[in-house]
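**Q** Questions regarding the structure given below will be posed in turn.
Protein chains in written order, with this note's numbering: chain A, 1 to 326; chain B, 1 to 532.
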């Protein structure tokens, strides 16, 4: 088991290195950071001074090597736009993104499972058809459009919910939370729905398909024959068995929820890491872009590693193949 | 209800009460597309940042609602006969936000700091000007050559407190390329009408009214909350729903919708920025063209043909929805007294075709055009209109529109002026014609000199440059204006550039707020009145 984890950790470093190299190769197409830093009437000599002091006049491989060495030491550099350490900026923005991702995932799971179970059990009812339609919308409409539609309906027309930002936040140590204030909770509703809608439809469809599958199996028939209540059969036996793939999907998708938060955060001016990244791209703020991409890669790698480990715990067959790699 | 739920409910209630804002304070909420990137007033010379910091910091001079220079931290000033010594009499009894007195030492300190390595405002104060303290509230500025526009940009040369900077290790300006965090970039201590209460870059900045300000406030605000909102739709939605009181800018396509809402209206007016087209007139062969072995733009007839083939009135009515002022000059009429003497040559497609035929291009030619797509109002749409207008004269334009980060990297000096035909916008930072004559219209022949650095197509005329040098030191206003007119006439007659228009400002303002709009697009809320 330990050897397995060590091997996966080494692979993870390889993945991060690859992400770093690809990202760095792409930054050259993002434009010239110097023009974004200085104003248009800055003399060329001053621009060159800026370029030199940032080390941007060195060849790309040198810049990349320097960046990787610094990153390995835990130094992500200073943001070109904000003149603040990137690690501070990311730490400051991370709570907003994680709270949003968490709420979106809870929303997606609760509603996805409920709707999935219902449309699995009552396939032909009108409500089930409505759910199917909603799931089609959730899959086919782009996130930013859903966000803007929600804003115009609930913020501009009805005036129920705030159109942007996090509302009031409370500081718990270094963690700023919007979960403890009324305006913070209200501000979470629309972004969470926007971000979670796609996952919700995914979960709903999986639960529905699994339910239909499970309800046909022998043990459900036996349960019926034993005269158990429908409620016990559906929720005690059928649903329980559909949940394994759901948990896997929720876990694996959590990484993409964080990564996809970029669009939702931009639409709602949600002060999280995704918004920071979008601003960084517009301003060619390479230290932030690089650190964010590495961080997202790290989250994905960590989640995958955790899921792999959990699989081996759950499934003994995998354990034996791990001990004897072919 | 168990004990635990009771405690929880009580805590939640307490938090909800605590979160509510006190009812009496007048808070103005303001959202801008751009961000307040650094609180150090010498880091980035950019209108939005300068306007923000103008609430906190002040210069020796100010500019009023009509952009006229007014006394600021200097009560008055005198210029000696020879024009080489300026004496500034500083205002007494002014205090910085931390309680320190404002004195001549702070001015001298700021003059050195603004000219130091890393400052983006080095040109605000001539490098060889000497600042001499006469007494605590009098300063002499000794110049090597006369400079009639010495203080024209001092309204945004903000004065810092010497003791504060020294105590916080902020005596050097925060360079735009800072590699270490800086105290002055995150904290501010000025003399202005507002103090910074909290600042989270990219998220929110809160300004509180400075009750001890030396002047009588023209606003009735207690607090300003600034949020950057990059997404156009969200910014407009926040205004329409009443969550913010002022937004800048309102996208052109949303103006109607804001005006038809019961909560807000759009405040618009001409901006000082001139949008123009430039042509590469220096290379012997264009980089992006099918004409080989020669450069068609070196022929004045071709430039004139381009000028006449473009219909600015259509661009104004169709692309800009009426929110533009067509321009004959490379400077806004507000900034140059004799602007009215220039009239834009009329749109004349047949004349343009004839000129092209005379120049040897009866069937036109192909040329590449560079255009930003996120910098100016409807920039890409303007370029597309230009492309189709020139097509009627037989010119095939291959348009390359890209985000400003890539666009500027290509066309500016650092990209080796890698363009044949481009769209650019310019506001003279000094609000004076010399800046345009020198930076945009000056010859680029000396790579050591800053002259013509933003003259991407290198329009060049020696007589024009001689005039520019004289204009710099001429102190007689009437004579100076006459020379400026002569210089602009040269560019005008040579068709050195194709000025298009001044774009319009569009601010969204809640009906509860009264606000003055200044033509340089500075949103200055110290002139705002809000009724609840």
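For glycine and all other residues, C-beta sits at the position ideal for the given N, C-alpha and C.
All figures in this text were calculated on a predicted structure; none of them were measured in a lab.
Under 9 angstroms, do residue 328/A and residue 203/A count as touching if we go by C-beta distance?
**A** This structure gives no information on residue 328/A, because the portion of chain A shown stretches from 1 to 326.
**Q** Straight-line CA distance for residue 499/B to residue 299/B?
**A** Looking up residue 499/B in the second chain gives position 499. Looking up residue 299/B in the second chain gives position 299. Roughly 18 angstroms separates the two Cα atoms.
**Q** Does the distance between the C-beta of residue 98/B and the nearest non-hydrogen atom of the ligand GDP fall short of 8 angstroms?
**A** Absent from the structure shown: the ligand GDP. Ligands present: none.
**Q** What number of angstroms, rounded off, separates the C-alpha of residue 163/A from the C-alpha of residue 64/B?
**A** Residue mapping note: residue 163/A aligns to position 163 of the first chain, counting from 1. Residue mapping note: residue 64/B aligns to position 64 of the second chain, counting from 1. Straight-line Cα distance between these residues: approximately 35 angstroms.
**Q** Return yes when the Cβ of residue 365/B is within less than 9 angstroms of the Cβ of residue 458/B, no when it is not.
**A** Your numbering for residue 458/B matches position 458 in the second chain. Your numbering for residue 365/B matches position 365 in the second chain. Contact: no.
**Q** Compare the C-beta of residue 276/A against all C-beta atoms of chain B and say whether one is closer than 9 angstroms.
**A** The residue you call residue 276/A lines up with position 276 of the first chain. So, interface residue.
**Q** How about residue 59/A: is its C-beta nearer than 9 angstroms to some C-beta of chain B?
**A** Reading the first chain from its first residue, position 59 is the one you call residue 59/A. False, the Cβ-Cβ gap to chain B never drops below 9 angstroms.
**Q** Taking residue 203/B as the query, report the chain A residues whose CB atoms sit under 7 angstroms from its CB, ordered along the chain.
**A** Taking the second chain and counting its residues from 1, one reaches residue 203/B at position 203. Result: 271.
**Q** Note down the Cα distance separating residue 478/B from residue 432/B, rounded to an integer number of angstroms.
**A** In the second chain, counting from the first residue as 1, residue 478/B sits at position 478. In the second chain, counting from the first residue as 1, residue 432/B sits at position 432. About 14 angstroms.
**Q** Considering only their Cβ atoms, is the gap separating residue 192/B from residue 220/B smaller than 9 angstroms?
**A** Residue numbering aside, residue 220/B sits at position 220 when the second chain is read from its first letter. Residue numbering aside, residue 192/B sits at position 192 when the second chain is read from its first letter. Contact flag unset, no.
**Q** From this set, 40/B, 126/B, 53/B, which residue's C-alpha is nearest residue 472/B's C-alpha?
**A** As a position in the second chain, residue 472/B is number 472, starting the count at 1. Here the closest residue by C-alpha is 126/B.
**Q** Checking contacts by CB at 9 angstroms: is residue 426/B closer than that to chain A?
**A** Residue mapping note: residue 426/B aligns to position 426 of the second chain, counting from 1. Closer than 9 angstroms: yes.
**Q** Tell me the rounded alpha-carbon separation between residue 284/A and residue 242/A.
**A** Indexing the first chain from 1 puts residue 284/A at position 284. Indexing the first chain from 1 puts residue 242/A at position 242. For residue 284/A and residue 242/A, the distance between alpha carbons rounds to 46 angstroms.
**Q** For a contact defined as C-beta to C-beta under 8 angstroms, what are the partners of residue 175/B on chain A?
**A** By 1-based counting over the second chain, the position of residue 175/B is 175. Under the 8 angstroms cutoff, chain A gives 50, 53.
**Q** Measure the CB-CB distance between residue 20/A and residue 80/A and report whether it falls below 9 angstroms.
**A** In the first chain, counting from the first residue as 1, residue 20/A sits at position 20. In the first chain, counting from the first residue as 1, residue 80/A sits at position 80. The answer is no: Cβ separation not under 9 angstroms.
**Q** Between which two residues does the alpha helix (DSSP H) carrying residue 443/B extend?
**A** Residue 443/B sits at position 443 when you count from the first residue of the second chain. Careful: residue 443/B lies outside any alpha helix (DSSP H) and carries neither H nor E.
**Q** If we ignore side chains and look at the alpha-carbon of each, how far apart do residue 197/A and residue 120/B end up?
**A** Within the first chain, numbered from 1, the residue matching residue 197/A stands at position 197. Within the second chain, numbered from 1, the residue matching residue 120/B stands at position 120. Distance between the alpha carbons of residue 197/A and residue 120/B: 46 angstroms.
**Q** Leaving out the 5 sequence neighbours to the left and right, which residues in its chain are closer than 6 angstroms to residue 310/A when beta-carbon positions are compared?
**A** Position 310 of the first chain, counting from 1, holds the residue named residue 310/A. Hits under 6 angstroms: none found.
**Q** Work out the CA separation of residue 298/A and residue 15/A for me, nearest whole Å.
**A** Within the first chain, the letter at position 15 stands for residue 15/A. Within the first chain, the letter at position 298 stands for residue 298/A. Approximately 9 angstroms between the Cα atoms of the pair.
**Q** Check whether the stretch 441-454 of chain B touches the stretch 81-89 of chain A, taking contact to mean three or more Cβ pairs, one atom from each stretch, closer than 8 angstroms.
**A** Contact between the stretch 441-454 of chain B and the stretch 81-89 of chain A is absent, because fewer than three Cβ pairs lie under 8 angstroms.
**Q** Closer than 8 angstroms, Cβ to any Cβ of chain A: which residues of the stretch 179-193 of chain B, in chain order?
**A** Per Cβ criterion, the list reads 179, 180, 181, 182, 185, 186.
**Q** Using C-beta distances below 8 angstroms, list every residue in its chain close to residue 33/A, excluding the 5 sequence neighbours before and after it, in chain order.
**A** Mapped onto the first chain, residue 33/A falls at position 33. Within the same chain, residue 33/A has close Cβ partners 54, 56, 80, 283, 284, 285, 286.
**Q** For a quick check, are the C-beta atoms of residue 138/B and residue 90/B less than 9 angstroms apart?
**A** Taking the second chain and counting its residues from 1, the one referred to as residue 138/B is at position 138. Taking the second chain and counting its residues from 1, the one referred to as residue 90/B is at position 90. In this structure, residue 90/B lies closer than 9 angstroms to residue 138/B by Cβ.
**Q** By Cβ distance below 8 angstroms, which residues in the same chain neighbour residue 23/B in space, the five residues on each side in sequence not counted?
**A** Here residue 23/B is taken as the residue at index 23 of the second chain, counted from 1. With a pLDDT of 49 at residue 23/B, under the threshold of 50, the predicted position of this residue should be treated as unreliable, and no value is reported.
**Q** Do you know offhand how far residue 12/A's Cα is from residue 300/A's?
**A** Numbered from 1 along the first chain, position 12 holds the residue referred to as residue 12/A. Numbered from 1 along the first chain, position 300 holds the residue referred to as residue 300/A. Spanning the two alpha carbons is a distance of roughly 10 angstroms.
**Q** Excluding five sequence neighbours on each side, which residues of the same chain lie with their C-beta closer than 7 angstroms to the C-beta of residue 233/A?
**A** Taking the first residue of the first chain as 1, we reach residue 233/A at position 233. Taken in chain order, the residues that qualify are 220, 223, 224.
**Q** Nearest CA to the CA of residue 404/B: which residue from 528/B, 424/B, 361/B, 240/B?
**A** Here residue 404/B refers to the residue found at position 404 when the second chain is read from its first residue. Measuring from the Cα of residue 404/B, the nearest candidate turns out to be 424/B.
**Q** Evaluate the contact criterion for the stretch 406-415 of chain B versus the stretch 255-264 of chain B: three or more CB pairs, one atom per stretch, below 8 angstroms.
**A** No, they do not touch.
**Q** Quick check: the Cα distance between residue 199/A and residue 77/A, rounded to an integer number of angstroms?
**A** As a working mapping, residue 199/A is identified with position 199 in the first chain. As a working mapping, residue 77/A is identified with position 77 in the first chain. Near 35 angstroms, if we compare the C-alpha coordinates of residue 77/A and residue 199/A.
**Q** How would you label residue 362/B, buried or exposed, when you count the other beta carbons within 10 angstroms and need 16 or more for buried?
**A** Sequence index remark: in the second chain, residue 362/B carries index 362 (1-based). With fewer than 16 other Cβ atoms within 10 Å, it is exposed.
**Q** Measure the alpha-carbon distance for residue 143/A versus residue 261/A and round it to whole angstroms.
**A** Residue numbering aside, residue 143/A sits at position 143 when the first chain is read from its first letter. Residue numbering aside, residue 261/A sits at position 261 when the first chain is read from its first letter. If you take the alpha carbons of residue 143/A and residue 261/A, they lie about 10 angstroms apart.
**Q** Do the CB positions of residue 420/B and residue 369/B come within less than 9 angstroms of each other?
**A** For the purposes of this step, residue 420/B is taken as the residue at position 420 of the second chain. For the purposes of this step, residue 369/B is taken as the residue at position 369 of the second chain. Yes. Within cutoff.
**Q** Looking at C-alpha atoms only, which residue of 461/B, 144/B, 522/B, 287/B is the closest neighbour of residue 53/B?
**A** To locate residue 53/B, count along the second chain from 1; it is residue 53. Taking only the C-alpha atoms, the option nearest residue 53/B is 522/B.
**Q** Given this structure, state the Cα-to-Cα distance separating residue 535/B from residue 263/A, to the nearest angstrom.
**A** Within the shown structure, residues of chain B are numbered from 1 to 532, placing residue 535/B beyond reach of any answer.
**Q** Is there a C-beta anywhere in chain A that falls below 9 angstroms from the one on residue 228/B?
**A** Indexing the second chain from 1 puts residue 228/B at position 228. Closer than 9 angstroms: yes.
**Q** Using the beta-carbon count (16 or more within 10 Å), is residue 179/B buried or exposed?
**A** Residue 179/B sits at position 179 when you count from the first residue of the second chain. Exposed is the call here.
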